Amino acid sequence: MSEIQNASRKTILPSVTTDLFSEIERMYSEEGKFSDESLLALHAVFGAPLERALEMLEKDCVTLLTTSNDIRQALQVSGGRGELYTLFPNINFCPCLAYAHQVITSQIHVSCKHVLAAKLSQVMGRTIRKEASPEEVARILCLSAHADKNTLEF
Ligand SMILES: [Zn+2]
1 MSEIQNASRK TILPSVTTDL FSEIERMYSE EGKFSDESLL ALHAVFGAPL
51 ERALEMLEKD CVTLLTTSND IRQALQVSGG RGELYTLFPN INFCPCLAYA
101 HQVITSQIHV SCKHVLAAKL SQVMGRTIRK EASPEEVARI LCLSAHADKN
151 TLEF
């Protein structure tokens, strides 16, 4: 299978994770925290990137840029060294090098810490919401689409 086919196959998280996240969201809203059971289930699917995502969430590292009508949105996740990764909401893709190497090429992991941090931050209601013009959101998404050759994080 070519790298391009792998990349398109991997941009959709397996459907099992959609069910897992809705269950975890339900449990989080009832208990106000991630139960041990939730964390074990997430770890079984995502492995080491989950630990790194949880560390990242100790800081408010996820911002949702949204137009006033919520039609156009982009997520921005700040990495450990001040870099900023732009993600499309609900799409499993990140322009970081870890994603390129560990998800697309070697297929060791299902996703990277930035995608997971963004997802978990939304479950926890800790995503910072920032309003932006449609042009600004479009510009950021376009820049991100071409950023994969310029990222530093591994
Ligand atoms: Zn990433």
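UniProt numbering puts the first residue of the sequence shown at 1, with every later residue one more than the last. Yeah, the Cβ is synthetic: ideal placement off N, Cα and C, and Gly gets one too. What you are looking at is a predicted structure, and each value in this text was computed from that prediction instead of being measured.
Bridge partner(s) assigned by DSSP for residue i
i    : result
K130 : L65
A74  : L65
Same chain, Cβ closer than 8 angstroms to residue i, five either side skipped, listed in chain order
i   : result
I4  : Note that I4 scores a pLDDT of 48, beneath 50, so its modelled location is shaky; the value from the coordinates is reported in the next line. So the list is empty, once near-sequence residues are dropped.
Y28 : F34, S38, V123, M124
V16 : V45
Residue i classed as buried or exposed, judged by whether at least 16 other C-beta atoms fall within 10 angstroms
i    : result
K119 : buried
A145 : exposed
A48  : exposed
L143 : exposed
P95  : buried
T18  : exposed
K59  : exposed
Boundaries (first-last residue) of the alpha helix (DSSP H) holding residue i
i   : result
F46 : 36-46
Contacting residues, own chain, Cβ-Cβ under 7 angstroms from residue i (five flanking each side not counted)
i   : result
S78 : C61, L84
V50 : At residue 50 the sequence reads Leu, which differs from the Val that was named. If we look at L50 and ignore the five residues flanking it on each side, its Cβ neighbours are L42, H43, L116.
6 angstroms Cβ shell around residue i - same chain, five flanking residues per side excluded
i    : result
L65  : A74, K130, A132, V137
Q102 : I108, H109
Please list the segments of the alpha helix (DSSP H) lying wholly inside the region 76-146, counting only runs of 4 or more residues, in order along the chain.
-> 113-124, 134-145
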